[in-house]
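Visitor: Pasting a structure below so you can have a look.
Protein chains: 2
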Amino acid sequence: MSTVYFDLSISLDGYIAGPNVTLSNPLGDDGERLHDWMFVGRSAEQARTFEEDVFAPCGAMLMGRTMLDVGIEPWGEEPTFHMPVFILTHRPHEPVVKLGGTTYYFVTTGLADALEQARAAAGDKDIVIAGGANLVRQCLAAGMVEEFRLHLVPVVLGGGVRLFDGVAPFTAEPAASCVLDSHGVTHLHYRMRDRARPA
Amino acid sequence: MSTVYFDLSISLDGYIAGPNVTLSNPLGDDGERLHDWMFVGRSAEQARTFEEDVFAPCGAMLMGRTMLDVGIEPWGEEPTFHMPVFILTHRPHEPVVKLGGTTYYFVTTGLADALEQARAAAGDKDIVIAGGANLVRQCLAAGMVEEFRLHLVPVVLGGGVRLFDGVAPFTAEPAASCVLDSHGVTHLHYRMRDRARPA
């Protein structure tokens, strides 16, 4: 069965990117510290394989336009996604086809339609909400999120992009036990409860 | 050896109390959900014993004046602390002696002095920073915190008192593995690293 989830690295103070995010500073100041656990101690090839394994259960991705704008260059000509990526945007654009099965599709008809297209593409595979924070918040507000995974990094950034800012109250329940890795990162996996709970 | 730490329940969005904290609403709206894990499934006596066990390694407590103001009534005539509690305040007050070894001492000479008094009282036992958030932030800014424990409750409150607001960046490292309990709460235990790191 297909599950819709998001999967993000987050600081102890709730940031998924540092302050001053720009095209040339896509993770914000010090924001790369949130992702070090995926790269430190791994060769570039191992890190690539690690990412591909993370995405393997997924058949489609939802992504915000800003995240694509800052990511499309670093992700390169053969992104690790290997699946269709549906970009929620107000700016129409022809699909951008990359190597290895990744195509960026630009959806201007709203979130529900983007999810529908993702479902059709994913079949029985999962749908991952890549980010950014705005898209995750929209998906939470629309009751679309079924599960989420947080990689809790033991740093306080002191500023940046807060994942849960402006999100209506909700309750979750662990879908799996926590795992502490050798980088000091705690991996948390939750399932949404009372998804229809009003704010 | 004596360790200085704080130990707080926190929501997924970083709040240690809900919105609208007042004397008659000391945990803020919905804030009691952050502490349910200590009480649900336990009798009042079991909950009391649980709290006493948590405090057993501690020989002294630091507390903010507002926390005392909202807590002194509910904690009652024989608080579970069983140790001297040093209240950081601008308002002088005679010590308030409770049963069972808890005395509230009012320190108007600043944080460093409060810690010194707590150290003298604690001997080899630990010193726990009870809260509230303001006091924890002051202790972090002063480089006084050696360890901290967070009980990560799987709720998003959407507002309230954020623990790490205005705290300068820092890095921690796990002092123990994470533990997921039957209430869905993940218990995290960190040691401060680079305590002298400038903001």
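Respectively, the protein sequence lines represent chains A and B. Per the working numbering: the first sequence = residues 1016 to 1214. Per the working numbering: the second sequence = residues 1016 to 1214. Glycine included, each C-beta is placed from N, C-alpha and C at the ideal position.
1. Looking at the strands, I want to know which residues DSSP matches up with B:His1204.
2. Find the residues of chain A that neighbour B:Cys1193, judging by a C-beta separation of less than 7 Å, and give them in chain order.
3. Quick one: which unbroken alpha helix (DSSP H) runs of 4-plus residues sit fully inside the region 1045-1111 of chain A? Chain order, please.
4. Roughly how far, in whole angstroms, is the beta-carbon of B:Trp1103 from the beta-carbon of B:Leu1077, given that I think they are within contact range, below 8 Å?
5. State whether the region 1154-1161 of chain A contacts the region 1082-1091 of chain A, with contact taken as three or more CB pairs (one from each stretch) at a distance under 8 Å.
6. Should B:Tyr1020 and B:Phe1163 be called a contact, given that it needs their Cβ atoms to be closer than 8 Å?
7. Could you confirm whether any beta carbon from chain A is found closer than 8 Å to the beta carbon of B:Glu1188?
8. Can you have a look at A:Pro1110 and say buried or exposed, based on whether 16 or more other CB atoms are within 10 angstroms of its CB?
9. Drop a sphere of 10 angstroms on the beta-carbon of A:Arg1212, count the other beta-carbons inside from all chains shown, and report buried for 16 or more, exposed for fewer.
10. Smallest Cα separation from A:Asp1139: which of A:Ala1071, A:Cys1193, A:Glu1060?
11. Whole angstroms are fine: how far does the CA of B:His1050 sit from the CA of B:His1202?
12. May I ask you to list, following chain order, the residues of the region 1017-1037 of chain B that have a beta carbon less than 8 Å from some beta carbon of chain A?
13. Are the C-beta atoms of A:Asp1084 and some chain B residue less than 8 Å apart?
14. What three-state label does DSSP hand A:Ala1145 in the structure shown?
15. Output needed in chain order: residues of the region 1157-1176 of chain B with a Cβ under 7 Å from some Cβ in chain A.
16. Quick check: A:Cys1073 and A:Val1143, are their CB atoms within less than 8 Å of each other?
17. When you compare only the Cα positions, how much space is there between A:Leu1114 and A:Asp1084?
18. Answer with buried or exposed for B:Pro1107, where buried requires no fewer than 16 other C-beta atoms within 10 angstroms of its C-beta.
19. Taking CB distances under 8 Å as the criterion, tell me whether A:Val1182 reaches chain B.
20. With C-beta atoms as the reference, is B:Gln1044 less than 8 Å away from B:Gly1056?
21. Give the residues of chain A in contact with B:Asp1045, contact being defined as C-beta atoms less than 8 Å apart.
22. Starting from A:Ala1032 and walking both ways along the beta strand (DSSP E), at which residues does that stretch end?
23. Give the secondary structure of A:Leu1130 by DSSP, where H, G and I count as helix, E and B as strand, and everything else as coil.
24. Measure from the alpha carbon of A:Pro1169 to the alpha carbon of each residue in A:Val1100, A:Ser1017, A:Gly1046, then state which is nearest.
25. DSSP state of B:Arg1212, grouped into three classes?
26. Under 8 Å, Cβ to Cβ, is there at least one residue of chain A near B:Phe1179?
27. Whole-angstrom Cβ separation of B:Pro1184 and A:Leu1172, contact assumed at under 8 Å?
28. Closer than 8 Å, Cβ to any Cβ of chain B: which residues of the region 1107-1122 of chain A, in chain order?
29. Compute the distance between the beta-carbons of B:Val982 and B:Leu1155, then report whether it is under 8 Å.
30. Taking the beta carbon of A:Arg1219 as the centre, do at least 16 other beta carbons fall within 10 Å, making it buried, or is it exposed?
31. Would you report the Cα separation of A:His1204 and B:Thr1186, rounded to the nearest angstrom?
32. Would you decide whether A:Leu1165 is buried or exposed? Buried here means 16 or more other CB atoms lie within 10 Å of its CB.
33. Is the Cβ-Cβ distance between B:Ile1025 and B:Leu1178 less than 8 Å?
Guide: In short:
1. The beta-bridge partner set that DSSP reports for B:His1204 consists of B:Arg1164, B:Ala1191.
2. Residues of chain A passing the Cβ test: Cys1193, Leu1195, Thr1201.
3. Within the region 1045-1111 of chain A, the complete alpha helix (DSSP H) runs of at least 4 residues are 1051-1054, 1059-1070, 1080-1090.
4. Trp is not the amino acid found at residue 1103 of chain B; the sequence shown has Leu there. Taking 8 Å as the upper bound for CB-CB distance, B:Leu1103 and B:Leu1077 are in contact here, some 7 Å apart.
5. Three or more Cβ pairs closer than 8 Å define a contact, and the region 1154-1161 of chain A falls short of that threshold against the region 1082-1091 of chain A.
6. In this structure, B:Phe1163 lies closer than 8 Å to B:Tyr1020 by Cβ.
7. Interface flag for B:Glu1188 against chain A is set, since a Cβ pair is found closer than 8 Å.
8. Classification for A:Pro1110: exposed.
9. In this predicted model, A:Arg1212 has a pLDDT of only 41, less than 50, meaning its place in the structure is not dependable; the value taken from the coordinates is given anyway. Exposed: under 16 other Cβ atoms inside 10 Å.
10. The shortest CA-to-CA distance from A:Asp1139 to any of A:Ala1071, A:Cys1193, A:Glu1060 is the one to A:Ala1071.
11. If I take the Cα positions, the gap works out to 13 Å.
12. If the cut-off is 8 Å between Cβ atoms, the region 1017-1037 of chain B has Leu1027, Asp1028, Gly1029 near chain A.
13. For A:Asp1084, not one C-beta of chain B is nearer than 8 Å to its own C-beta.
14. A:Ala1145 falls in the strand class under three-state DSSP.
15. Of all residues in the region 1157-1176 of chain B, those with a C-beta nearer than 7 Å to a C-beta of chain A are Pro1169, Val1170, Val1171, Leu1172, Gly1173, reading in chain order.
16. Their beta carbons are under 8 Å apart, which means A:Cys1073 touches A:Val1143 by this criterion.
17. If you take the alpha carbons of A:Leu1114 and A:Asp1084, they lie about 18 Å apart.
18. With a 10 Å radius around the Cβ and a threshold of 16 neighbouring Cβ atoms, B:Pro1107 comes out exposed.
19. Cβ-Cβ to chain B under 8 Å: yes for A:Val1182.
20. In the sequence on display, residue 1044 of chain B carries Asp and not Gln. Contact: no.
21. Here the neighbours are Pro1184.
22. 1030-1032 is the extent of the beta strand (DSSP E) around A:Ala1032.
23. In the structure shown, A:Leu1130 sits in a helix (DSSP, three-state: H, G or I).
24. The option with the nearest alpha carbon to A:Pro1169 is A:Gly1046.
25. Because B:Arg1212 carries a pLDDT of 42, less than 50, the predicted location of this residue cannot be relied on, and the following value inherits that uncertainty. Judged by DSSP in its simplified three-state form, B:Arg1212 adopts coil rather than helix or strand.
26. At least one chain A Cβ lies under 8 Å of B:Phe1179.
27. B:Pro1184 to A:Leu1172, Cβ: 6 Å. Contact.
28. When C-beta distances to chain B are compared with 8 Å, every residue of the region 1107-1122 of chain A stays at or above that value.
29. In the structure as shown, chain B starts at 1016 and stops at 1214, and residue 982 of chain B therefore has no counterpart that could be examined.
30. One cannot answer for residue 1219 of chain A here, as it falls past the ends of chain A, which runs 1016 to 1214.
31. Their Cα atoms are separated by approximately 23 Å.
32. When all chains shown are included, A:Leu1165 counts as buried.
33. Yes.
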